[in-house]
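Residue numbers (the working numbering): 392 to 560.
Structure follows, in structure tokens:
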């Protein structure tokens, strides 16, 4: 939970709560010898930049709300932010949230279709994005120009291209 406007980059959270929801945090606390202690962990901006360079404070706010409350609203967030949230949730090993956010993007087919090349490339760089990969494969099978005419076509991973070519549709 962020403190106030002056301390917007500082989070005061319970180490035991983070550990119980995220194998990533559990490993990190074990590394520093804090495992099992129920005290506050201050998460400051320099720690964020050093350890969580891909996670913005806006995204971390959503993750903390999810960890503490089990739910949050995606309606207030842009789809690109939600995709970044998916990547960050995967990095922090929040499996249920990763699955939920993948299904969110599949249901939000229009955004996924308009960003298929970027999303497809990212989904093959991250092992846990099978739902997104399958959905992108379906989109690309119907609209192959999305990927083959993309500026990022040359940067697609080999296994992504093989996956497209193996499809019989």
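Every residue gets a Cβ at the ideal spot worked out from N, C-alpha and C, and that includes glycine.
Discussion item. Can you look up residue 517 in the DSSP assignment and give me helix, strand or coil?
Written reply: Position 126 of the chain shown, counting from 1, holds the residue named residue 517. In the structure shown, residue 517 sits in coil (DSSP, three-state: anything other than H, G, I, E or B).
Worksheet item: Does the separation of the CB atoms of residue 538 and residue 501 fall below 7 Å?
Response: Numbered from its first residue, the chain shown carries residue 538 at position 147. Numbered from its first residue, the chain shown carries residue 501 at position 110. No, Cβ-Cβ distance for residue 538 and residue 501 is not below 7 Å.
Fill in: Per-residue DSSP class, three states only, for residue 504
Position 113 of the chain shown holds residue 504. Here residue 504 sits in helix by DSSP.
Worksheet item: What's the call for residue 532, buried or exposed, on a 16-neighbour Cβ count within 10 Å?
Response: To locate residue 532, count along the chain shown from 1; it is residue 141. So residue 532 ends up on the exposed side.
Worksheet item: What separation, rounded to the nearest whole angstrom, lies between the Cα atoms of residue 541 and residue 418?
Response: As a first step, residue 541 is located in the chain shown; it is residue number 150 there, counting from the start. As a first step, residue 418 is located in the chain shown; it is residue number 27 there, counting from the start. Looking at the two C-alpha atoms, the distance is approximately 39 Å.
Worksheet entry | Close beta carbons around residue 495, own chain, < 7 Å, minus the five adjacent residues each side | As a working mapping, residue 495 is identified with position 104 in the chain shown. Excluding positions up to five away in sequence, the list reads 465, 473.
Worksheet item: CB residue 481 to CB residue 517, shorter than 7 Å?
Response: Residue numbering aside, residue 481 sits at position 90 when the chain shown is read from its first letter. Residue numbering aside, residue 517 sits at position 126 when the chain shown is read from its first letter. Their beta carbons are under 7 Å apart, which means residue 481 touches residue 517 by this criterion.
Worksheet item: Taking C-beta to C-beta, are residue 406 and residue 420 nearer than 7 Å?
Response: Here residue 406 corresponds to residue number 15 of the chain shown, with the count starting at 1. Here residue 420 corresponds to residue number 29 of the chain shown, with the count starting at 1. The answer is yes: Cβ separation under 7 Å.
Item to complete: For residue 409, count neighbouring C-beta atoms within 10 Å of its own C-beta (all shown protein chains included) and say buried if the count is 16 or more, exposed if not.
Response: To locate residue 409, count along the chain shown from 1; it is residue 18. Its Cβ being crowded by 16 or more others within 10 Å, residue 409 is buried.
Fill in: Cβ neighbours of residue 560 in the same chain (closer than 7 Å, five flanking residues each side left out)
Counted from its first residue, the chain shown places residue 560 at position 169. 532.
Worksheet item: How many angstroms separate the CA atom of residue 493 from the CA atom of residue 470?
Response: Translated into positions along the chain shown, residue 493 becomes position 102. Translated into positions along the chain shown, residue 470 becomes position 79. Using only the alpha carbons, I get a separation of about 12 Å.
Worksheet item: How many Å lie between residue 521 and residue 514 at the Cα?
Response: As a position in the chain shown, residue 521 is number 130, starting the count at 1. As a position in the chain shown, residue 514 is number 123, starting the count at 1. If you take the alpha carbons of residue 521 and residue 514, they lie about 7 Å apart.
Discussion item. For a cutoff of 7 Å on Cβ pairs, would you count residue 458 as touching chain D?
Written reply: Looking for chain D here will not work: only one protein chain is present.
Fill in: Which of helix, strand or coil DSSP assigns to residue 456
If you number the chain shown from 1, residue 456 lands on position 65. Of the three classes helix, strand and coil, the one that applies to residue 456 here is helix, per DSSP.
Worksheet item: Is residue 479 closer than 7 Å to residue 450 when the C-beta atoms are compared?
Response: Translated into positions along the chain shown, residue 450 becomes position 59. Translated into positions along the chain shown, residue 479 becomes position 88. In contact: residue 450 and residue 479 (Cβ atoms closer than 7 Å).
Worksheet item: For residue 380 versus residue 413, is the C-beta distance shorter than 7 Å?
Response: The structure shown does not extend to residue 380, since the chain is modelled only from 392 to 560, so the question has no answer here.
Item to complete: Less than 8 Å between the CB atoms is what I'm expecting for residue 530 and residue 503, so what's the real figure, rounded?
Response: What you label residue 530 is simply residue 139 of the chain shown in a count that begins at 1. What you label residue 503 is simply residue 112 of the chain shown in a count that begins at 1. Rounded, the Cβ-Cβ distance is 7 Å, consistent with contact.
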